[in-house]
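These protein sequences, in sequence, are chains U and Z. Sequential numbering from 2 applies to the first sequence in this note's numbering. Sequential numbering from 4 applies to the second sequence in this note's numbering. Backbone N, C-alpha and C define an ideal beta-carbon position, used for all residues, glycine too. Every value quoted in this text rests on a predicted model; they were computed, and no experiment measured them.
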Amino acid sequence: MSASIWLLPLAPAACALAGLLVPPSGRRPAAAIAVTGTAIAFVTAVALAFGGGTYHFATRLAGFGDITVHAAVTVTPVAAYVAVAVATVALLVQVYSYAYLRDDDRYVPYAAQVALFTAAMLLVVVSDDLVLLLIGWELMGACSYLLIGHDRRLPEAPAAAVKAFLVTRVGDVGLLLGIALLGFHTGSFRIPEVLAALPDMTPGTVTAAALLVLAGAAGKSAQFPLHSWLPDAMAGPTPVSALIHAATMVAAGAFLLFRLLPLYTGAAAVVVALVAAVTMIGAALAALASDDLKRVLAWSTVSQVAFMFGGIAVAAGDAAVFHLLSHAAFKALLFLAAGAVIHVAGGNSLAAMGGLRHGAPVLFTTMTLGFAALAGIPPLSGFWSKESILGAAAGAGGLTGNLVLWAGIVTVALTAAYATRAWLLVFLGAPRGSTGHDPEPLMRWPLLILAVPTVLLGVAAFAGPVSGEPPHLWPTLPVLAATALGAAAVYLWWRREPATDPATRLGAARPLFAAGFGFDTLQRALVVIPVTLLGRFASWADVTIVDGAVDGSGHVTSATARRIAGWHLAGLPRHLWFTAAGAVLLAAVGTAAYLGMWA
Amino acid sequence: MTAVLIAVLALPAAGGVLAALGHRHRSAGWLATGFAAAGLLAAVFLPASRGDGPLWHRFDVAWAPAIGLRFDIGVDGISYPLIVLTALLTLLCCLHTMSETTRRPTALIGLLLAVEVGILGVFLAANIVAFFVFFEIVLLPMYAIIAFWGGPGRRAAAAKFALYTVLGSLLLLVGVYVVVSSTGTGDLVALAESGGGGMSPATQLVAFALLGVGFAVKSPLWPLHSWLPAAHTEAPTVGSVILAGVLLKMGTYGLIRVGLGVAPEGAHAAAPVLLVLAVAAIVVGGLICLAQRELKRLIAYSSVGHMGFVLLGIATLSGTGITAALYGNIAHGLITGLLFFLVGSIKQATGHGMLTELGGLRTTAPGLAGILGFAALASLGLPGLAGFWGEAFAVYATLAGDSTARAVAAAVAAAGAALAAAYLLRMIRRVNYGPPTAAVDGAAAALRVTPIRLALWGPLVAATVLLGVVPGLLLDGFTAAPFLEWVSR
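Listed below in structure tokens is the structure:
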């Protein structure tokens, strides 16, 4: 059983490599290979989850001097649930993509890259060694880069792909240093050994390592201030967005913090809470203002993952993973549904949508459930998982707990507001174009399947090991009140003028919110432009100063040689004079030597 | 099994002589390529029936005893991977020369094999004077390769390469003289085992400074690198592959085998300077790459940053750091060798190296674009590929010094890895993405990944993946060598 853990990353990885060798015309074999690999991982994950135990497998991978890297994997029940979620979403995305990318001549490498992406995420989930985890971690970054840049008709896609890789890579500088710091002070990269050795480390070192790891997690999970890549990543095909947002990539950051939860106490926990609070409110405001359906969902991911970070800050690891799972279900559903909506509407703009409930009942029903779960309407999954984080925050109290709790309640209201707004604009009101039709079966079934956990996961979780206590009145009542308030406000505004986007009520603040508070401009001014200028300066200095000194020494030598050669080009009289002078000098030296003047 | 040891050196030498004799005939080129292949085969079999000593095999005869020169060669776990890399890259370069349209291919192959003999001699030498002799053998044939087969600015580039490295060699020669005259031996194994053959710390510092600057020019260490961009850019594809792939490694290998081996206390005193310059090389190299507009020049400058990581590992003087440096050497040889092959093909097919003239490669030539993307990801140190281990553990070894200064150095070096991602992805975005430019569109046929190209690039791709996934393949060899213990104690 233990060795079978390796099937989780290796089956999709092997199929990805096989898929890369398929010729571009081989759509069917490519799909079959990719689906097979993902299905093997899915079956393995389900078996491990039903096994219910904790499994380990470790072997030595490499020794660098006095420290060793292990190919060590472990699956706890919680990790098994996450693996099931990853494999389920990946499998449905593969099936959906086969239909969605029907007319795409680059489907074959796409399917392989999605399989590799899945493998990388599963490696992160099962890794028990920090260096092995880093391999899956960055491989995921590379896959996201390839997939975001997939669509060659979009001129913005290559830039978005580069941005996604670079921003997360900046965070990964921190992660690498954090892993090195932990490895050096604990003598091991194995997660259990590292955590066991934490009490022997100085608090300062633990905090430093915690913050460095947090940088990596914030990059992958698109948390402030490394969040700017995610909205742009919408340039990727919609099923890829579903994969990145629901089950891989952004979930990886929260999962890493969950694995290293004991690092986050004291000052580090306060920083995580601050990051979470700023991110969840800011991103929710941006989601409320955005006109692009995919961007609304992207900002909502940033905001919802911040809830998971909030769970980590108050040491409620299980609650954070619970939200990770329920978010995986409803966000995958929302993105896959959004793909169908965009297909019908012919664009991403919410302004061009409306009245879709008539023509597309399946789409309407499933996406309504998705939005309701996102808004946290009981008894859908999102309500329970958010509630368990905010309940833990209320229980934790103190600066960290209160920060998470109150930011969470504000965000709950905003979430209900933007979810309601998007739902109204897409499905209600007067049809603004085609009233649409339901997607074809290969795209419809994934929606129906995902609707099941979207609805039931919360209730079911209380039977499983993920969550424990049922909700308390405090803070459940204020959370429900906030939900009702946010949804009702938007609905009432919309009722008054159904033809107008409720976001116009934001007035002058709307463009600022929609642009993510101008963070991209700031990032450009503070990082991108200075580094570019520094690069130009370094290049100029290298040619002019460093190499200039080398060339200069050559020129000086040549010039000196010419000068000396010039002296030798004199006429006969001067030569005679110099010869005579030399003779006199030699005679003088000789005489002096003879007389023993230096003896 | 010293026969294999000698064959590793003798087979390419014989091939080189054959190519020189028959330099007007194409068939002689193929024959010499065969010798290069046989040399690779011999190199692969070096670990067979190895002895128990610090060197697996050793062959030692007097050469010119008056100057302490012995023909003393051997191999251990530290030199073995570099020997195989040298033999492999040279063979691939010979095949490239025969398969592409090249002016006077046989003569070029003769020179390539002469370079190979010199480089192999450097990696095999167990005598410091023999080491120096082989170090110098490389210079002239490499000069000729650049000066006769290179690009438009080849003469100036070749002259700068030769003069600059000769300057380094002179210092190296003085260093060798200091060592031999003050210890009375040139035996690199004995010198390393005894920790400097009884030289005083002051003498060791002088010796290390002289040897170190000589090797720093070759490696190259910023700011002694400025011969490199011109030489790599102007050299023909095979010249760039050999230069970046293995020639630079003579510097870093020499620093470890001779510098640390012979003058460990001198190295100790000089390490902080080396560390600071290595970190500067990583950052400055990365920044310069961001502003490059020519494809080959960009890859050339990237070597400054990557070799900075190798030198950083050496500067830590720790077992972990030196192991990382040795790993980084091999990884850089494979990945940058591949990059120069790819970039050379693009330049040859399109007639352009400027990034502004290139674009849309993934539409016109998806195969080549895919391999170029792979090579770029490998070069930026993606975990799971060969480039990761050396760079990550150089950072780890730096951080493991447990001082604030070392922690800052580690952080700056790690940030340099993010710069590498920035300039490589910028390059890929320009070359692979967007609509195809006229230059790329017109060269669709010449950009195809033909079976012969697959045979040339395939081994480098496979080795990059293999060493990324199974790093133990090389590491266990390094760790098993007693030499590593001697220099990192």
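TODO: Quick one: using the 10 Å Cβ neighbour count with 16 as the cut-off for buried, is U:I530 buried or exposed?
DONE: Start at 1 with the first residue of the first sequence, and residue 530 of chain U comes out as number 529. Flag for U:I530 reads exposed.
Task: C-alpha gap between Z:H355 and Z:V216, whole angstroms - done: Position 352 of the second sequence, counting from 1, holds the residue named residue 355 of chain Z. Position 213 of the second sequence, counting from 1, holds the residue named residue 216 of chain Z. Between Z:H355 and Z:V216, the C-alpha separation is close to 36 Å.
Task: According to DSSP, residues forming a beta bridge with U:T75 - done: To locate residue 75 of chain U, count along the first sequence from 1; it is residue 74. Looking at the DSSP assignment, U:T75 forms a beta bridge with U:H57.
TODO: Please report the Cβ distance between Z:L469 and Z:L476, rounded to the nearest whole angstrom; I am assuming they are in contact, meaning their Cβ atoms lie under 8 Å.
DONE: By 1-based counting over the second sequence, the position of residue 469 of chain Z is 466. By 1-based counting over the second sequence, the position of residue 476 of chain Z is 473. Right, the Cβ-Cβ distance comes to about 7 Å (below 8 Å), so this counts as a contact.
Open item on the list: Buried or exposed, going by whether 16 or more other CB atoms sit within 10 Å of the CB of Z:G187?
Closed with: Numbered from 1 along the second sequence, position 184 holds the residue referred to as residue 187 of chain Z. Classification of Z:G187: exposed, given that the 10 Å Cβ count is below 16.
- [ ] Note down, in chain order, each residue of its chain lying with its Cβ closer than 7 Å to the Cβ of Z:A449, except the 5 sequence neighbours on either side.
- [x] Numbered from its first residue, the second sequence carries residue 449 of chain Z at position 446. Around Z:A449: A352.
TODO: Kindly confirm or deny that the stretch 335-342 of chain U and the stretch 273-283 of chain U touch, where touching means at least three C-beta pairs closer than 8 Å.
DONE: no
TODO: Check whether the Cβ atoms of Z:V261 and Z:F134 sit closer than 8 Å, and answer yes or no.
DONE: If you number the second sequence from 1, residue 261 of chain Z lands on position 258. If you number the second sequence from 1, residue 134 of chain Z lands on position 131. Against a cut-off of 8 Å, the Cβ pair of Z:F134 and Z:V261 comes out as a contact.
TODO: Within 10 angstroms of the Cβ of U:M598, are there 16 or more other Cβ atoms? Answer buried if so, exposed if not.
DONE: Sequence index remark: in the first sequence, residue 598 of chain U carries index 597 (1-based). U:M598 is exposed by the Cβ-count criterion.
Task: Alpha carbon of Z:T109 to alpha carbon of Z:G18, nearest angstrom - done: The residue you call residue 109 of chain Z lines up with position 106 of the second sequence. The residue you call residue 18 of chain Z lines up with position 15 of the second sequence. Answer to the nearest angstrom: the Cα atoms are 11 Å apart.
Open item on the list: How far does the alpha helix (DSSP H) with U:D319 in it extend, from its first residue to its last?
Closed with: Here residue 319 of chain U refers to the residue found at position 318 of the first sequence. That run of the alpha helix (DSSP H) goes 318-346.
- [ ] List the residues of chain Z that U:E139 touches, going by C-beta distances under 7 Å, in chain order.
- [x] As a working mapping, residue 139 of chain U is identified with position 138 in the first sequence. Ordered by position in chain Z, the residues that pass the 7 Å Cβ test against U:E139 are L385, P386.
Open item on the list: Check whether the stretch 96-110 of chain Z and the stretch 4-13 of chain Z are in contact - that is, three or more C-beta pairs closer than 8 Å.
Closed with: no
Open item on the list: Is any non-hydrogen atom of the ligand ZN found closer than 7 Å to the C-beta of Z:V346, if you look at the structure I gave you?
Closed with: Ligands displayed in this structure: none; no statement on the ligand ZN is therefore possible.
- [ ] To the nearest angstrom, report how far apart U:Y82 and U:P454 are at their CA atoms.
- [x] The residue given as residue 82 of chain U occupies position 81 in the first sequence. The residue given as residue 454 of chain U occupies position 453 in the first sequence. Each residue's Cα considered, the two are about 12 Å apart.
Open item on the list: Below 8 Å on the Cβ atoms is my contact criterion, and I expect U:L177 with Z:A395 to pass it. Report the Cβ-Cβ distance as a whole number of Å.
Closed with: In the first sequence, the residue the question calls residue 177 of chain U occupies position 176. In the second sequence, the residue the question calls residue 395 of chain Z occupies position 392. 6 Å between Cβ atoms; contact.
Open item on the list: I want to verify the contact list: residues of chain Z whose CB lies under 7 Å from the CB of U:V127, in sequence order.
Closed with: The residue labelled residue 127 of chain U in the question sits at position 126 within the first sequence. Ordered by position in chain Z, no residue passes the 7 Å Cβ test against U:V127, which lies about 15 Å from the chain.
TODO: Output yes or no for whether 8 Å exceeds the beta carbon distance between U:T239 and U:G340.
DONE: For this step, residue 239 of chain U is matched to residue 238 along the first sequence. For this step, residue 340 of chain U is matched to residue 339 along the first sequence. Yes, the pair counts as a contact, with Cβ atoms nearer than the cut-off.
TODO: Using a threshold of 8 Å, state whether the C-beta atoms of U:A120 and U:A17 are closer than that.
DONE: Translated into positions along the first sequence, residue 120 of chain U becomes position 119. Translated into positions along the first sequence, residue 17 of chain U becomes position 16. Contact flag set, yes.
Open item on the list: Suppose you measure from the CA of U:I565 to the CA of U:F579; what does that come to, to the nearest Å?
Closed with: Counted from its first residue, the first sequence places residue 565 of chain U at position 564. Counted from its first residue, the first sequence places residue 579 of chain U at position 578. Roughly 15 Å between the two C-alpha positions.
TODO: With Z:I2 as the anchor, note down where its alpha helix (DSSP H) starts and where it stops.
DONE: The question about residue 2 of chain Z has no answer here: the residues shown for chain Z are numbered 4 through 492.
Open item on the list: Closest to Z:A150 by C-alpha separation, out of Z:T366, Z:R29, Z:L114, Z:M202, would be which residue?
Closed with: The residue given as residue 150 of chain Z occupies position 147 in the second sequence. It is Z:L114 whose Cα lies nearest to the Cα of Z:A150.
Open item on the list: Less than 8 Å between CB atoms is the rule here; does U:D548 satisfy it with respect to chain Z?
Closed with: What you label residue 548 of chain U is simply residue 547 of the first sequence in a count that begins at 1. Chain Z contact via Cβ: present.
Open item on the list: Does chain U have any CB closer than 8 Å to the CB of Z:T36?
Closed with: Position 33 of the second sequence, counting from 1, holds the residue named residue 36 of chain Z. It does not: the Cβ of Z:T36 has no partner Cβ on chain U nearer than 8 Å.
Task: Check whether Z:I431 and Z:L361 have beta carbons under 8 Å apart - done: Along the second sequence, read from residue 1 onward, the residue named residue 431 of chain Z stands at position 428. Along the second sequence, read from residue 1 onward, the residue named residue 361 of chain Z stands at position 358. Contact flag unset, no.
TODO: Note down, in chain order, all residues in the stretch 163-183 of chain U with a beta-carbon under 9 Å from any beta-carbon belonging to chain Z.
DONE: V163, F166, L167, R170, V171, D173, V174, G175, L177, L178, I180, A181, L182
Task: Z:L49 (DSSP reduced to helix, strand or coil) - done: The count along the second sequence starts at 1 and reaches residue 49 of chain Z at position 46. DSSP places Z:L49 in coil when its eight states are reduced to three.
TODO: Quick one: which unbroken alpha helix (DSSP H) runs of 4-plus residues sit fully inside the stretch 225-299 of chain Z? Chain order, please.
DONE: 230-237, 240-245, 251-257, 267-293
Task: Simplified DSSP state of Z:V452, which is helix, strand or coil - done: For this step, residue 452 of chain Z is matched to residue 449 along the second sequence. Coil.
Open item on the list: Across the stretch 263-283 of chain Z and the stretch 221-231 of chain Z, are there enough close Cβ pairs to call them in contact, namely three or more that are closer than 8 Å?
Closed with: yes
TODO: Just mark U:W585 as buried or exposed, buried being the case when its beta carbon has 16 or more other beta carbons within 10 Å.
DONE: Counting from one through the first sequence, the residue named residue 585 of chain U turns up at place 584. Position check: residue 585 of chain U holds Val in this sequence, whereas Trp was assumed. Flag for U:V585 reads exposed.
Task: Nearest candidate by alpha-carbon position, reference Z:V307, set Z:G316, Z:T326, Z:A327, Z:A283 - done: Taking the first residue of the second sequence as position 1, residue 307 of chain Z is located at position 304. Minimum Cα distance to Z:V307 is reached at Z:A283.
- [ ] Would you tell me roughly how many angstroms separate the C-alpha atoms of U:G20 and U:A209, rounded to the nearest one?
- [x] Along the first sequence, one-based indexing puts residue 20 of chain U at 19. Along the first sequence, one-based indexing puts residue 209 of chain U at 208. Going from the Cα of U:G20 to the Cα of U:A209 covers about 42 Å.
TODO: Can you give me the start and stop residues for the beta strand (DSSP E) that Z:A403 sits inside?
DONE: Here the question's residue 403 of chain Z lines up with position 400 in the second sequence. Neither: Z:A403 is in no beta strand (DSSP E) and is coded neither H nor E.
Open item on the list: Just to confirm before moving on: does the CB-CB distance between Z:I285 and Z:A416 stay below 8 Å?
Closed with: Within the second sequence, the letter at position 282 stands for residue 285 of chain Z. Within the second sequence, the letter at position 413 stands for residue 416 of chain Z. A contact, by the Cβ cut-off of 8 Å.
Task: Delimiting residues of the beta strand (DSSP E) encompassing Z:V78 - done: Along the second sequence, read from residue 1 onward, the residue named residue 78 of chain Z stands at position 75. 72-78 is the extent of the beta strand (DSSP E) around Z:V78.
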